[in-house]
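Heads up, the thing below is written out as structure tokens.
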Ligand code: KIV
Ligand code: NA
């Protein structure tokens with residue numbers, strides 16, 4: 003199948019099938035997404051929580067995002083490559099946001115950037131548009147607002163919050179985003195934004211009406227310890243599969259059944275090369 007590009011977004015919005023987006027933080031995961039026919043690989047700032055083991059995404063730096071985006075690019079074949087702009091890489095000034103978005107494109111190979119924010123980032127979205135940098139807006143629950151929210155909480159549940167999110171959606175659409183990511187909002191609001199938006203909506207905990215769905219890789223393959231948010235479905239048991247392999251290795255080493263003769267060099271065998279991307 004042909005590689006995913008942003009110019010296919012309008013068609014997918016109109017005719018489907020719904021877009022699939024999954025996070026990736028390294029080359030082997032990028033290879034899995036590519037082989038599975040996922041549309042979009044997202045190098046999320048969730049790397050801070052999922053991979054670095056942090057409590058929230060705030061400490062993640064632009065240099066870390068560049069490092070992970072490069073690794074994903076090296077394993078990716080087909081999916082569109084989108085990178086998150088991390089906390090404080092764009093909030094201080096539009097100039098800094100412009101420079102940092104440019105780094106994700108120019109140094110790391112991202113094809114679009116995703117930015118948390120509504121009306122307050124409309125100026126930056128416009129400015130990036132002038133540099134031909136596509137932007138996905140991220141509204142609803144914005145994980146960078148964890149301290150202001152007092153935790154990760156569903157947004158848009160009262161009239162004022164709903165109005166605010168709709169205003170943000172309209173401001174971003176006006177500024178020219180190529181897609182809207184909707185996180186942790188009631189399904190009825192996900193439906194309303196999807197109806198008013200000419201570009202695809204991609205939801206995570208935003209109900210079944212959006213034009214696509216996104217999940218964190220480790221959550222969807224079953225590699226995240228419980229408890230998981232309501233919107234996660236574990237489609238696999240990767241965690242227990244890997245744990246089982248590790249226990250088998252431990253047992254085989256301890257009972258000296260590993261390595262066997264066929265896993266051992268004599269005088270003749272050459273080292274076999276390791277496969278790369
Ligand atoms: O960082 C991330 O993984 C995200 C998705 C959860 C949408 O922004
Ligand atoms: Na993110």
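Numbering (full-length UniProt numbering), first residue to last: 3 to 279.
Heads up, the beta-carbon is just placed ideally off N, CA and C, and yes, glycines get one too.
Query                                                                                                               : Result
Within 7 angstroms, strictly: CB atoms of residue 81 and residue 42                                                 : yes
Distance between residue 17 and residue 123 (C-alpha atoms, nearest Å)                                              : 30 angstroms
Cα-Cα separation between residue 107 and residue 230, rounded to whole angstroms                                    : 32 angstroms
Residue of 60, 95 and 97 minimising C-alpha distance to residue 86                                                  : 60
Whether residue 47 touches residue 120 by CB criterion (7 angstroms)                                                : no
Separation of residue 249 from residue 191, as counted between CA atoms                                             : 46 angstroms
Residue 99 - DSSP class collapsed to helix/strand/coil                                                              : helix
Pocket of the ligand NA defined by Cβ to heavy atom distance under 7 angstroms                                      : 46, 47, 48, 59, 86, 116, 118, 140 and 145
Where residue 237 falls, given that 16 or more other Cβ within 10 Å makes a residue buried                          : exposed
Residue nearest to residue 157 in terms of C-alpha spacing, selected from 174, 128, 179 and 207                     : 207
Sequence ranges, alpha helix (DSSP H) only - wholly within the stretch 94–177, length at least 4                    : 96–108, 124–132, 148–151 and 161–177
Residue 203 classed as buried or exposed, judged by whether at least 16 other C-beta atoms fall within 10 angstroms : buried
Presumed contact (8 angstroms Cβ cut-off) between residue 127 and residue 179, rounded CB distance                  : 6 angstroms
Residue of 114, 111, 62 and 78 minimising C-alpha distance to residue 90                                            : 62
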